[in-house]
Amino acid sequence: MARGITELDVHGAADALVAKGERPTVERVRAHLGTGSPNTVTRLLETWWQSLGSRLHPESPGVKDAPAVVGKLAGQWWALALEHARDAVLAEFSVVREDLALKQEELLVRSKALAVEMSAVHARSEAAIAAERIACAQATELQRLVDQLQLQAAELAGQRAAAIDRLEHVEASRQALYDRLQETEESARSERESLAEHVKSVENRALGDLDRARQESKVLQAQLASAVKKHTSIEAEMRGSLEKAHSATAAALQMVDNQRGRCAALEEQLAKLQNLPADLEAALRRSQVNPGPRKASSKQQAKRSSSKATN
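The sequence shown: position 77 = 77 (UniProt numbering), numbered continuously.
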């Protein structure tokens, strides 16, 4: 026994619980007494349940030295009182049972709601755990992407610097080529001007030669006409010197033929010189494409053309 708990204490606590309309249980009895081990309270509470029937249905109140009629009447009144008390206790038990049934139903509903809520919480917890795992995986992947992007950014920065250096080199090369192009164009322009002046002088010279040849031809034709006229006028006088006149005439004719051949050669040279500007223009274009080795050849060709025209 725990601290002198007795059967009377347990029975008194059970009676007090019944008087309050509560069903006596081990926990309620221990709570009412404030002490007692569960095993001892259980054993003593069983004796209270066993004695409850005899206490509810006594044969007589057990009054000593009372008349039989009084004892019988007292027993009937006691039985009525006990029956009334039992009905009250049963009614209270019924109310308590209904209340307990309602509370049990409420607890069942609450337990089901709690089960549903716990299931939802468990599902949300699993979803949160899965989301956390996904977030961790995404964070790892994002960190990897960030590292990769930083590496690519560094590579692009290096490539950009190299591209800027190449661009500067290309710009310097372009400027040098532009300067060379300006020099080449200036040289070609001066050479073109000199060639144009040379062609103009060659043309003027050829035209002068042609004019001189024409003048000489006219002079020779006039001389021929004068000689023929003179020969006609003195033919009668010079019959005796016919052989001399014939020979003179033959010489004059030979001279005329020579002059005519010379005129024909000059006209042929003039015809060739008419194509000289086109040839010089083509040579100038070739010299603009490849100015180096063409300069000397163009000048030599111009000199050859000039020497031919002179001849």
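For glycine and all other residues, C-beta sits at the position ideal for the given N, C-alpha and C.
Predicted model, so just to flag it, every value in this text is computed and none were measured.
Using only alpha-carbon positions, find the residue among Ala-81, Glu-22, Ala-13 that is nearest to Trp-48.
Of the candidates Ala-81, Glu-22, Ala-13, the one whose C-alpha sits nearest the C-alpha of Trp-48 is Ala-13.
Nearest to Asp-15 by alpha carbon, out of Thr-40, Pro-38, Leu-44?
Among Thr-40, Pro-38, Leu-44, the Cα nearest to that of Asp-15 belongs to Leu-44.
Thinking C-alpha only, which one of Glu-22, Ser-51, Gln-150 is nearest Ala-88?
Per the Cα distances, Glu-22.
Excluding the 5 residues preceding and the 5 following Ser-217 in the sequence, name in chain order all residues of the same chain whose CB lies nearer than 7 Å to its CB.
Counting only Cβ-Cβ distances below 7 Å, and skipping sequence neighbours, we find Gln-259, Cys-263.
Terminal residues of the continuous alpha helix (DSSP H) containing Gly-12?
Where Gly-12 is concerned, the enclosing alpha helix (DSSP H) stretches over 7-19.
So, do the stretch 266-285 and the stretch 205-212 have three or more beta carbon pairs nearer to each other than 8 Å?
Touching, yes.
Hey, does Leu-273 have any beta-carbon neighbour from chain D nearer than 8 Å?
In the structure shown, chain D does not exist; there is a single protein chain.
Check Ile-234 in the structure and name its three-state DSSP category.
Note: Ile-234 maps to coil in three-state DSSP.
Does the stretch 273-285 come close enough to the stretch 187-202 that 3 or more CB-CB pairs lie under 8 Å?
Yes: at least three Cβ pairs fall under 8 Å.
State the Cα-Cα distance for the pair Arg-214 and Ala-251, rounded to the nearest angstrom.
Rounded to the nearest angstrom, the two C-alpha atoms are 21 Å apart.
At which residue ranges does the stretch 138-196 contain complete beta strand (DSSP E) runs of 3 or more residues, listed in the order of the chain?
If we require 3 residues or more, the stretch 138-196 turns out to have no beta strand (DSSP E) run fully inside it.
Let me confirm a value: Ile-5 is counted as buried when at least 16 other C-beta atoms fall within 10 Å, else exposed. Which label applies?
Ile-5 should be labelled buried.
Between which residues of its own chain and Val-10 is the CB-CB distance below 7 Å, once the five residues before and five after are set aside?
Val-29, Val-41, Leu-44, Leu-45, Trp-48.
Apply the 10 Å Cβ neighbour rule to Pro-38 and answer buried if 16 or more other Cβ atoms are within range, or exposed otherwise.
Exposed, by the Cβ-count rule.
The alpha helix (DSSP H) with Glu-27 in it runs from where to where?
Taken as a continuous stretch (DSSP letters only), the alpha helix (DSSP H) holding Glu-27 covers 26-33.
How big is the Cα-Cα spacing for Leu-8 and Glu-27?
Going from the Cα of Leu-8 to the Cα of Glu-27 covers about 17 Å.
Taking its Cβ as the centre, do 16 or more other Cβ atoms sit within 10 Å of Val-121, making it buried, or is it exposed?
Val-121 comes out exposed.
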